[in-house]
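Mapping of the sequence shown onto this note's numbering: residues 13 to 348, in sequence order. Working notes for the structure below.
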Amino acid sequence: MTATDSSLPTLQLTREGRLKHFLTLDGLDQALLTDILDTADSFIEVGERSIKKVPLLRGRTVVNLFFESSTRTRSTFELAAKRLSADVLNLDINTSATSKGETLSDTLLNLEAMASDMFVVRHSQSGAPHFIAETVTPGVAIINAGDGRHAHPTQAMLDMLTIRQHKGQFAGLKVAIVGDILHSRVARSQIRALNTLGVEEVRVIAPATLLPKDVESLGCKVEYDMRHGLRDLDVIIMLRLQRERMEGALLPSEREFYRLYGLNEEKLALADSRCIVMHPGPINRGVEIESAVADGPQSVILNQVTNGIAVRMAVMSMAMSGQVSERVQPGEGAGQ
Ligand code: CP
């Protein structure tokens with residue numbers, strides 16, 4: 013169900029290197045990620061207008077296909093599409109024909125027959141958005157809203173936008189990602205984005221049972237001791253324990269996890285005094301973060317949510333524009 017790594021650039025980029033799908037940050041260079049951040053920056057102002065709309069996707073149909081639960085991603089994709097003036101269809105998977113045994117492929121064929129222009133896909137299977145991008149009608153853009161443990165590229169980009177807003181640049185920054193790295197698609201995409209954008213150091217802080225075997229090969233340093241790992245940090249990204257993806261007992265207890273890896277005010281004081289605290293949400297207060305920190309002056313967690321709309325507007329408008337540019341290649345078939 014997954015595309016090979018070597019097929020990714022051609023799958024999600026046009027021949028000119030423009031986005032046509034947004035599936036993963038693998039294979040995307042610093043210039044393209046910076047372009048996404050700059051485009052998102054330009055959309056922030058739209059959210060501050062009394063009429064929060066631009067016409068970039070007017071007449072286009074965007075379908076939100078969420079096979080897993082979501083609050084932030086689904087809502088901000090919907091708002092982003094509406095702010096771009098698209099028509100938005102939110103398929104309710106629980107009441108759809110999926111419950112009668114309809115396959116993903118058949119569901120997509122039927123939605124394509126309704127002249128959809130873009131699918132925003134969240135799925136428990138790693139690689140589901142890639143599979144859809146490989147099989148979908150040319151001209152239809154696929155945006156990954158989180159697939160299994162694999163990737164959550166728009167989350168990583170809204171996190172990068174938040175870091176850039178608060179820190180100005182990526183060079184010289186020390187960033188730690190703390191907690192359940194093993195099950196986190198967010199962490200994988202964040203590590204990729206942080207390295208591509210040129211931070212000085214990416215640290216992961218977690219017990220060995222919550223780290224992937226190959227984590228250092230992703231481009232990060234490993235710390236098992238949180239108090240040691242928090243020193244000198246500019247950015248701390250806390251993660252939720254993804255109980256729904258855990259097989260077997262990976263933790264002694266939530267209480268023990270919180271004692272060792274939970275972020276409280278006392279531990280936060282070990283980082284740089286201007287360190288910002290981030291979390292992709294949903295947060296579990298008292299499991300990975302205490303309320304005094306989540307709601308405190310160094311927390312930018314709700315800024316992340318706001319930035320999600322602008323980043324998703326950027327990615328959707330860029331992918332649609334890339335799809336259109338493919339279609340108008342002189343003398344060639346659509347989307348070849
Ligand atoms: N961060 C994130 O993906 O949150 P949701 O599951 O609420 O979309």
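All C-beta atoms in this analysis are idealised placements derived from N, C-alpha and C, irrespective of residue type, glycine included. Every value quoted in this text rests on a predicted model; they were computed, and no experiment measured them.
Which listed residue (the options) has its alpha carbon closest to that of residue i
{"i": "residue 161", "options": "289, 147, 201, 70", "result": "201"}
{"i": "residue 166", "options": "307, 329, 118, 37", "result": "37"}
{"i": "residue 171", "options": "323, 263, 339", "result": "323"}
{"i": "residue 228", "options": "204, 126, 81, 284", "result": "204"}
{"i": "residue 139", "options": "127, 124, 106, 156", "result": "156"}
{"i": "residue 110", "options": "91, 135, 126, 56", "result": "135"}
{"i": "residue 285", "options": "60, 199, 311", "result": "311"}
{"i": "residue 294", "options": "198, 269, 61, 68", "result": "198"}
{"i": "residue 188", "options": "304, 238, 59, 58", "result": "238"}
{"i": "residue 328", "options": "116, 132, 57, 105", "result": "132"}
{"i": "residue 225", "options": "240, 208, 193, 209", "result": "193"}
{"i": "residue 240", "options": "230, 281, 231", "result": "281"}
{"i": "residue 223", "options": "307, 196, 209", "result": "196"}
{"i": "residue 124", "options": "147, 106, 104", "result": "147"}
{"i": "residue 168", "options": "297, 34, 309", "result": "34"}
{"i": "residue 164", "options": "209, 142, 103, 121", "result": "142"}
Neighbourhood of residue i by C-beta distance below 7 Å, restricted to the same chain and skipping five residues each side
{"i": "residue 16", "result": "Residue placement at residue 16 is poorly supported in this model, since its pLDDT is 46, which falls under 50; the coordinates still yield a value, given next. Result list for residue 16: empty, nothing under 7 Å."}
{"i": "residue 83", "result": "294"}
Whole-angstrom C-beta distance between residue j and residue i, which should lie under 8 Å
{"i": "residue 151", "j": "residue 335", "result": "5 Å"}
{"i": "residue 65", "j": "residue 86", "result": "Not really, about 20 Å apart at Cβ, beyond 8 Å."}
{"i": "residue 245", "j": "residue 300", "result": "That pair is no contact at about 16 Å."}
{"i": "residue 233", "j": "residue 215", "result": "5 Å"}
{"i": "residue 91", "j": "residue 313", "result": "No, residue 91 and residue 313 are not in contact; Cβ-Cβ is about 18 Å, not under 8 Å."}
Sequence-distant residues of the same chain with beta carbon closer than 6 Å to residue i, five excluded per side
{"i": "residue 74", "result": "93, 98, 100, 130"}
{"i": "residue 347", "result": "With a pLDDT of 41 at residue 347, under the threshold of 50, the modelled position of this residue cannot be trusted, and the question is left open."}
{"i": "residue 27", "result": "none"}
{"i": "residue 269", "result": "263"}
{"i": "residue 249", "result": "189, 290"}
{"i": "residue 116", "result": "none"}
{"i": "residue 275", "result": "250, 301, 305"}
{"i": "residue 292", "result": "167, 198"}
Length of the line joining the Cα atoms of residue i and residue j
{"i": "residue 112", "j": "residue 79", "result": "14 Å"}
{"i": "residue 77", "j": "residue 89", "result": "11 Å"}
{"i": "residue 45", "j": "residue 290", "result": "20 Å"}
{"i": "residue 175", "j": "residue 247", "result": "8 Å"}
{"i": "residue 137", "j": "residue 159", "result": "6 Å"}
{"i": "residue 13", "j": "residue 145", "result": "Residue placement at residue 13 cannot be trusted, given a pLDDT of 39 that sits under 50; what the coordinates show is reported in the next sentence. Going from the Cα of residue 13 to the Cα of residue 145 covers about 11 Å."}
{"i": "residue 52", "j": "residue 332", "result": "15 Å"}
{"i": "residue 302", "j": "residue 242", "result": "16 Å"}
{"i": "residue 185", "j": "residue 206", "result": "9 Å"}
{"i": "residue 265", "j": "residue 254", "result": "14 Å"}
{"i": "residue 211", "j": "residue 25", "result": "25 Å"}
{"i": "residue 48", "j": "residue 173", "result": "9 Å"}
{"i": "residue 71", "j": "residue 330", "result": "16 Å"}
{"i": "residue 69", "j": "residue 182", "result": "31 Å"}
{"i": "residue 126", "j": "residue 119", "result": "11 Å"}
{"i": "residue 217", "j": "residue 231", "result": "14 Å"}
{"i": "residue 106", "j": "residue 63", "result": "33 Å"}
{"i": "residue 57", "j": "residue 326", "result": "13 Å"}
{"i": "residue 236", "j": "residue 271", "result": "13 Å"}
{"i": "residue 345", "j": "residue 43", "result": "Only weak support is given to the placement of residue 345: the predicted model assigns it a pLDDT of 45, under 50, and the value that follows is read from those uncertain coordinates. Each residue's Cα considered, the two are about 29 Å apart."}
{"i": "residue 288", "j": "residue 308", "result": "10 Å"}
{"i": "residue 30", "j": "residue 267", "result": "47 Å"}
{"i": "residue 104", "j": "residue 121", "result": "17 Å"}
Simplified DSSP state of residue i, which is helix, strand or coil
{"i": "residue 237", "result": "coil"}
{"i": "residue 59", "result": "helix"}
{"i": "residue 148", "result": "coil"}
{"i": "residue 331", "result": "helix"}
{"i": "residue 258", "result": "coil"}
{"i": "residue 34", "result": "strand"}
{"i": "residue 302", "result": "coil"}
{"i": "residue 182", "result": "coil"}
{"i": "residue 190", "result": "strand"}
{"i": "residue 310", "result": "coil"}
{"i": "residue 126", "result": "coil"}
{"i": "residue 132", "result": "strand"}
{"i": "residue 88", "result": "helix"}
{"i": "residue 245", "result": "coil"}
{"i": "residue 79", "result": "coil"}
{"i": "residue 14", "result": "Here the model assigns residue 14 a pLDDT of 43, short of 50, so the residue's position is not dependable, and the following value carries that caveat. Coil, per DSSP."}
{"i": "residue 163", "result": "strand"}
{"i": "residue 45", "result": "helix"}
{"i": "residue 208", "result": "helix"}
{"i": "residue 99", "result": "strand"}
{"i": "residue 275", "result": "strand"}
{"i": "residue 107", "result": "helix"}
{"i": "residue 93", "result": "helix"}
Below-8 Å beta-carbon distance, residue i vs any chain C residue
{"i": "residue 32", "result": "Reference to chain C is not applicable here, since this structure consists of a single protein chain."}
Cβ shell of residue i (< 8 Å), same chain only, five flanking positions each side left out
{"i": "residue 279", "result": "238, 239, 242"}
{"i": "residue 128", "result": "73, 74, 75, 101, 152"}
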